[in-house]
Structure formats: structure tokens, C-alpha cells
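Student: Dropping a structure here in C-alpha cells format, bear with me for questions.
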Amino acid sequence: MCGDLLAIEKFISNSLISINNQNVQDIIFHLIRSGGKKVRPKLVCIICKMLNYLEEDRIKVAASVELIHNATLLHDDVLDESDARHGIKTANNIWGNKLSILVGDLLLTIAFRWLITCQNLRIVSILFEASHSLVNGEIMQLTTNFNPDTVRQNYFDIIQKKTASLFSACCEAAAIISGATGNEVDRLKKFGLNFGMAFQIIDDMLDYIATQDTSGKKQGKDFFDGKPTLPAIIAYERGNKEEREFWNKCFTLNEHNLSQALNYIKKHDAIRFSIEEAKLYVNVAQSEISDFSNKDILIDFLYKVLHVKDLTF
Ligand code: FPP
Ligand code: MG
17 MCGDLLAIEK FISNSLISIN NQNVQDIIFH LIRSGGKKVR PKLVCIICKM
67 LNYLEEDRIK VAASVELIHN ATLLHDDVLD ESDARHGIKT ANNIWGNKLS
117 ILVGDLLLTI AFRWLITCQN LRIVSILFEA SHSLVNGEIM QLTTNFNPDT
167 VRQNYFDIIQ KKTASLFSAC CEAAAIISGA TGNEVDRLKK FGLNFGMAFQ
217 IIDDMLDYIA TQDTSGKKQG KDFFDGKPTL PAIIAYERGN KEEREFWNKC
267 FTLNEHNLSQ ALNYIKKHDA IRFSIEEAKL YVNVAQSEIS DFSNKDILID
317 FLYKVLHVKD LTF
């Protein structure tokens, strides 16, 4: 995997060096070296390896999904007005919103240019649909008002679109370039979808419990941004009338009180229930690939990324 990661970084650096704008280059290298986990390109390479596909196209696909992901982060940090990610300043914080948006757009176009060179319309189409879904997920998150009756379903729809769709596309594209059978492609696609759902649920759970020191992001950022994520939804569902009133105010009137929110989350064990929910997706992901002979490398990766052992599943 180490070799593949180096090859991906080299591919990205070599291709981007020709961009003759220093600010743009600086932003891209700031992102690539920001300490992100590179989960999506790793997924591509692990699946290709599992299916014994070692051709150059896997590096192109992996580099493309990393650029698409970085494009979304550039836009996401503008939308969320975030000033730190992975413990370092965001691009919008250093270079401003306008350049961040444009460099995000640029990365998206470069990623698709690379994908096109693989000369496989299915791959282009899969990553195109995933990108389309990411944007729709963000639009839905931005425009859906808090409604107690639909908040849970909305949450799962949003995370499927904004996160799981790209995980799923990475697995599907990797399976296709590796020459997997239709059934294998389908199972790996579902593996990715369920992995992505668990990934976002855990990310949202950590948003409430991790501090700036441990996560590199402000604690309770989603809460302050008015995003009703699973811990809040669970506490709301299990809360009494007064507590529900509190959550309603948080998400409709932007009246925020993080320590009170954390009290209710603790009272109703909403962190543990969130982990249980993530666990359901982990189990489905695992079962989707149970028939693959050398699946262990993929399952180890799933566990490592989701910190499954630390989360006392
Ligand atoms: C992070 O989620 C954000 C995403 C997973 C998707 C962001 C997508 C867009 C902004 C649409 C733009 C799309 C393209 C193709 C350019 P989060 O905000 O919950 O996580 P965080 O805590 O890491 O910010
Ligand atoms: Mg965000």
C-alpha cells in the first residue's frame, strides 16, 4: 500500500506541477500534504490488489478520487466556514473563499480529465454520478429544515449522498477496472456504500466527543452549524417534552448550548447508540464481501479506518 500511495502522490505532483499559478499550486499541495487519511484512494488500491489488478490505471483512478474528495473539502470548508481541518488551517482561512471555490472546481475538472484517459466510459460515469450525488447531499443538508418526523430519514439520505456515494463509487470503479464479475462489482459497491455510511456516522459521533486537540476540528461544529446528526437525533427521539423543545430551538432558532446538548446526549447514551448504528453498517459491509477469498486486507482496512476496536463494538 505504501508503494501505491507514493505512486499516487507522485502522479498528482507530476501532473499538477505544470499549473502555472503559485497560489493554486500552494493550495493543492497544502491539501495533498494536510494529513488526511487518504481513505478513498487506498480503497481503490486495496480492491485492485485484492483482485490482482496492478496496471497503471488504478493509480489514475485512485488519484482522481483523491482530487474529487479534495474538491469537495475545499467547497465544504467554505460552506461550513471552517478555519481548521486535520489540525491545520483550511485553504479558505489562508487563501480566502473565492480561490478555494475555484481551485475546488479546477480539481474536479482535472480528476475527470484523468478518468477520461482511462478510456472506460463506465468509470467516468460512476464517478460522475457520485460527484452529482455529493452535491445533492450538500444541497439537501443546506436546505432541509429541521422536522422531527423526518429528521432521521433525512439524515440517512444526506449521509448516503454526501459521503457513502463516493465510497461506493471507489469500490465499484476499482472492481470494474480490475475485471471483476458483475456479481463481484455489485457486492464491492454495496461494501463501499455501507463502509461510507458507517464512516460518516462515526465522524458525526466524534464531532460531539472529540476535542480540537484530538480531531483537529472544533468540538460540536456540526451542532453549531445547525446540522442535526445522529447523536442529536437519538437524544431528541429519547428525550422528554422539555428536552425536545431544547433540540427544536437549537435547530430551528440557532439557540446553541453545547454543554446542555452534551448532557442530553450522555443522559440518553446517544454516543453508544450511534456506534451501534454504525456497527450495523459495518456488519453489512463485511457480509457483502464474505465470499471473497482474500478479503482480509479489506476488512482490516475497514476496521482500522473506523477505529472499530477502540469503539468497543
Ligand atoms: C464533509 O462532510 C463533506 C462531504 C463529505 C461532502 C462535501 C460536498 C460538497 C461540498 C459538494 C461539492 C461537490 C463537488 C463534487 C465539488 P462534513 O461536513 O460532515 O464533515 P467534516 O466534519 O469533515 O467537515
Ligand atoms: Mg464540513
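Each residue of the sequence shown is one higher than the last, beginning at 17 in this note's numbering. Think of the CB as a built atom: it goes at the ideal place given N, C-alpha and C, for glycine as much as any other residue.
1. Is aspartate 220 close to the ligand FPP? I mean its beta-carbon at under 8 Å from any heavy atom of the ligand.
2. In whole angstroms, what is the alpha-carbon distance linking phenylalanine 329 and alanine 189?
3. Can you tell me the Cα-Cα spacing of leucine 32 and leucine 21, whole angstroms?
4. For the pair the stretch 54 to 62 and the stretch 124 to 141, tell me if three or more CB-CB distances fall below 8 Å.
5. Mapping the DSSP letters down to three states, classify alanine 180 as helix, strand or coil.
6. CA-CA distance, alanine 23 and valine 81?
7. Compute the distance between the beta-carbons of leucine 47 and leucine 90, then report whether it is under 9 Å.
8. Which residue wins for smallest C-alpha separation from asparagine 6, given the options Ala248, Asp285 and Tyr319?
9. Do you know how far the Cα of histidine 272 is from the Cα of glutamate 259?
10. Check whether the stretch 146 to 156 and the stretch 103 to 114 are in contact - that is, three or more C-beta pairs closer than 8 Å.
11. Using DSSP with H/G/I as helix, E/B as strand and the rest coil, what is arginine 49?
12. For a test of the three-state rule: what should DSSP assign to isoleucine 33, helix, strand or coil?
13. Any heavy atom of the ligand FPP closer than 8 Å to the beta-carbon of leucine 246?
14. Using 8 Å as the cut-off, classify the Cβ of glutamate 154 as near or not near the heavy atoms of the ligand FPP, replying yes or no.
15. Excluding the 5 residues flanking alanine 127 on each side, which residues of the same chain have their C-beta closer than 6 Å to its C-beta?
16. Specify the secondary structure class of alanine 226 as computed by DSSP and reduced to three states.
17. Taking glutamine 169 as part of the alpha helix (DSSP H), name the residues at either end of that continuous run.
18. Have a look at aspartate 173 and phenylalanine 45 and give me their C-alpha separation to the nearest angstrom.
19. What I want to know is whether the C-beta of serine 98 ends up closer than 8 Å to one or more non-hydrogen atoms of the ligand FPP.
20. Check lysine 105 in the structure and name its three-state DSSP category.
21. Mind checking which residues open and close the alpha helix (DSSP H) that includes phenylalanine 262?
22. Using C-beta distances below 6 Å, list every residue in its chain close to methionine 156, excluding the 5 sequence neighbours before and after it, in chain order.
23. Using only the heavy atoms of the ligand FPP, determine whether one of them is closer than 8 Å to the beta carbon of arginine 101.
24. Going along the chain, which residues of its own chain have a beta-carbon closer than 7 Å to the beta-carbon of phenylalanine 211, five neighbours each way excluded?
25. When DSSP labels each residue in this structure, what does alanine 196 get in the three-state scheme?
26. With burial defined as no fewer than 16 other Cβ atoms inside 10 Å of the residue's Cβ, what is the status of serine 181: buried or exposed?
27. Quick check: is any heavy atom of the ligand FPP less than 8 Å from the C-beta of glutamine 228?
28. Alpha carbon to alpha carbon, how far is glutamine 176 from proline 164?
29. Can you say whether glutamate 200 is buried or exposed, counting buried as having 16 or more other CB atoms within 10 angstroms of its CB?
30. Just the Cα atoms here: how many angstroms apart are glutamate 97 and leucine 322?
31. So does serine 147 have its beta carbon nearer than 8 Å to some heavy atom of the ligand PLP?
32. Please name the residue or residues paired with alanine 301 in a DSSP beta bridge.
Tutor: Concretely, from the data shown:
1. Residue numbering aside, residue 220 sits at position 204 when the sequence shown is read from its first letter. Because some heavy atom of the ligand FPP lies under 8 Å away, the Cβ of aspartate 220 counts as near it: yes.
2. Position 313 of the sequence shown, counted from the start, is the residue given in the question as residue 329. Position 173 of the sequence shown, counted from the start, is the residue given in the question as residue 189. Any reading at phenylalanine 329 must be qualified, since the residue scores a pLDDT of 43, below 50, and its modelled position is unreliable; no value is offered.
3. As a position in the sequence shown, residue 32 is number 16, starting the count at 1. As a position in the sequence shown, residue 21 is number 5, starting the count at 1. Note on geometry: alpha-carbon atoms of leucine 32 and leucine 21 lie some 16 Å from one another.
4. Under the three-pair Cβ rule at 8 Å, the stretch 54 to 62 does not count as touching the stretch 124 to 141.
5. Locating residue 180 in the sequence shown gives position 164, where the first residue counts as 1. Reduced to three states, the DSSP call for alanine 180 is helix.
6. Position 7 of the sequence shown, counted from the first residue, corresponds to residue 23. Position 65 of the sequence shown, counted from the first residue, corresponds to residue 81. Cα-Cα distance, rounded: 14 Å.
7. Locating residue 47 in the sequence shown gives position 31, where the first residue counts as 1. Locating residue 90 in the sequence shown gives position 74, where the first residue counts as 1. In this structure, the beta-carbon distance from leucine 47 to leucine 90 falls below 9 Å.
8. The question about residue 6 has no answer, for the chain in this structure spans 17 to 329.
9. For the purposes of this step, residue 259 is taken as residue 243 along the sequence shown, with counting starting at 1. For the purposes of this step, residue 272 is taken as residue 256 along the sequence shown, with counting starting at 1. Taking the straight line from one Cα to the other gives about 13 Å.
10. Taking one beta carbon from each stretch, the stretch 146 to 156 and the stretch 103 to 114 have fewer than 3 pairs nearer than 8 Å; the two do not touch.
11. For this step, residue 49 is matched to residue 33 along the sequence shown. Coil, per DSSP.
12. Mapped onto the sequence shown, residue 33 falls at position 17. Residue state, collapsed to three classes: coil.
13. Against the sequence shown, residue 246 aligns to sequence position 230. Leucine 246: no, Cβ never under 8 Å from the ligand FPP.
14. As a first step, residue 154 is located in the sequence shown; it is residue number 138 there, counting from the start. Answer for glutamate 154: yes, Cβ within range of the ligand FPP.
15. Your numbering for residue 127 matches position 111 in the sequence shown. Excluding sequence neighbours, alanine 127 sits near Ser80, Leu83 and Ile84.
16. Counting from 1 along the sequence shown, the entry for residue 226 is found at position 210. In the structure shown, alanine 226 sits in coil (DSSP, three-state: anything other than H, G, I, E or B).
17. Translated into positions along the sequence shown, residue 169 becomes position 153. Segment 167 to 175, the alpha helix (DSSP H) holding glutamine 169.
18. As a working mapping, residue 173 is identified with position 157 in the sequence shown. As a working mapping, residue 45 is identified with position 29 in the sequence shown. Their Cα atoms are separated by approximately 33 Å.
19. Here residue 98 refers to the residue found at position 82 of the sequence shown. Yes, Cβ of serine 98 sits closer than 8 Å to a heavy atom of the ligand FPP.
20. Here residue 105 refers to the residue found at position 89 when the sequence shown is read from its first residue. Look at lysine 105 here: in three-state DSSP terms it is strand.
21. What you label residue 262 is simply residue 246 of the sequence shown in a count that begins at 1. In the DSSP assignment, phenylalanine 262 falls within the unbroken alpha helix (DSSP H) covering 257 to 269.
22. In the sequence shown, residue 156 corresponds to position 140, counting from 1. For methionine 156, where only same-chain residues beyond five positions count, the Cβ hits under 6 Å are Ile174.
23. As a working mapping, residue 101 is identified with position 85 in the sequence shown. Answer for arginine 101: yes, Cβ within range of the ligand FPP.
24. Within the sequence shown, numbered from 1, the residue matching residue 211 stands at position 195. Hits under 7 Å: Phe183, Ala301 and Leu318.
25. In the sequence shown, the residue the question calls residue 196 occupies position 180. Alanine 196 falls in the coil class under three-state DSSP.
26. Residue 181 sits at position 165 when you count from the first residue of the sequence shown. So serine 181 counts as buried.
27. Residue numbering aside, residue 228 sits at position 212 when the sequence shown is read from its first letter. No, the beta carbon of glutamine 228 sits no closer than 8 Å to any heavy atom of the ligand FPP.
28. Taking the sequence shown and counting its residues from 1, one reaches residue 176 at position 160. Taking the sequence shown and counting its residues from 1, one reaches residue 164 at position 148. C-alpha separation (whole angstroms): 19 Å.
29. As a working note, residue 200 is residue 184 in the sequence shown. By the 10 Å Cβ count, glutamate 200 comes out buried.
30. Walking along the sequence shown from the start, residue 97 turns up at place 81. Walking along the sequence shown from the start, residue 322 turns up at place 306. Roughly 26 Å between the two C-alpha positions.
31. Only the ligand FPP and the ligand MG can be found as ligands here, which leaves the ligand PLP out of the picture.
32. Counting from one through the sequence shown, the residue named residue 301 turns up at place 285. According to DSSP, alanine 301 bridges with nothing at all.
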